[in-house]
Structure formats: structure tokens, C-alpha cells
Amino acid sequence: EFAPTSSPSESFQPSATPSTSASPSISLSQLPSMSPSISAEPSISAMPTTLNAVVTFELLTDKDPTEISWSLIDSSLDTSAIVVQGQGDDDIYEKSAVYNFAWTLNRCTSYTFTMYDSYG
9 EFAPTSSPSE SFQPSATPST SASPSISLSQ LPSMSPSISA EPSISAMPTT LNAVVTFELL
69 TDKDPTEISW SLIDSSLDTS AIVVQGQGDD DIYEKSAVYN FAWTLNRCTS YTFTMYDSYG
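Under our numbering, the letters of the sequence shown match residues 9 to 128, in that order.
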């Protein structure tokens, strides 16, 4: 038979008679939040959502369109490879015309766009 004591004691054995509480206690950390939490600084993703980006180029020619040409070069390579170029042997631009180009380029690559005018 067990006799109650006047002060709590440590025991590593379970109690023969479990105790019950009339009203369980709840700590504040167990209650749901009623307002959103606010961060001191916004989080910014270092990685882009995609590795590619669509880049558009609009060319408006002047009265001498045969004098202009352009190139887009991948300047991240040692060889500076031409990605795309305009007004080659097969291209003939018309006077005062608008030309639209769209390319899908890698975000992690450096490019150099150059426009040339053979007259000056």
C-alpha cells in the first residue's frame, strides 16, 4: 500500500494510481496564431525560376537599310561565338520597316549585342 507524502519525490516507476486534473493547462505556444507572422527581411530566391529568358529585339530601319547589320555574341566563351546575326547575305532589310526578333537565351550567360552601320 502507498502512503502520500507532503512533498513531491522523483520516481522512475509508474504510479499505481494515475492522477487526474480537473482542468488541463494550456501554454501559449500551443494556441494557434490569430495574425500572420512578419519577417524582418523579405526572402529572395538566389536561383531564377528558369534557366532561360525570352529576349525580344525590335529593329526600325532607316532610309539606307543596306548599311546596317547586327550581332549577338556569347561573350562568356573564350571564342566569343556568334549566337545570331542580322542582315547577312540572305537578309535584305526594307526602308523604314520594323523587324521583330525573339530569342530564348540562357540567364547564366553573358552576351554582347552590337549594331553596325557601314556608312558611319
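Ideal Cβ positions, reconstructed from N, Cα and C, are used throughout, including at glycine.
Over the uninterrupted beta strand (DSSP E) stretch that includes Glu66, give me the two end residues. The residue you call residue 66 lines up with position 58 of the sequence shown. Looking at the DSSP string, the run of the beta strand (DSSP E) that includes Glu66 is Asn60 to Leu68.
Just grab the DSSP bridge partners of Ser77 for me. Taking the sequence shown and counting its residues from 1, the one referred to as residue 77 is at position 69. BP columns for Ser77 point to Tyr124.
Expressed to the nearest angstrom, what Euclidean distance is found between the alpha-carbon atoms of Val106 and Thr69? As a first step, residue 106 is located in the sequence shown; it is residue number 98 there, counting from the start. As a first step, residue 69 is located in the sequence shown; it is residue number 61 there, counting from the start. Distance between the alpha carbons of Val106 and Thr69 is about 7 Å.
Per-residue DSSP class, three states only, for Gln93: Along the sequence shown, read from residue 1 onward, the residue named residue 93 stands at position 85. Gln93 falls in the strand class under three-state DSSP.
Pull up the distance between the alpha-carbon of Asp82 and that of Val62, whole angstroms please. Mapped onto the sequence shown, residue 82 falls at position 74. Mapped onto the sequence shown, residue 62 falls at position 54. Val62 has its alpha-carbon roughly 15 Å from the corresponding atom of Asp82.
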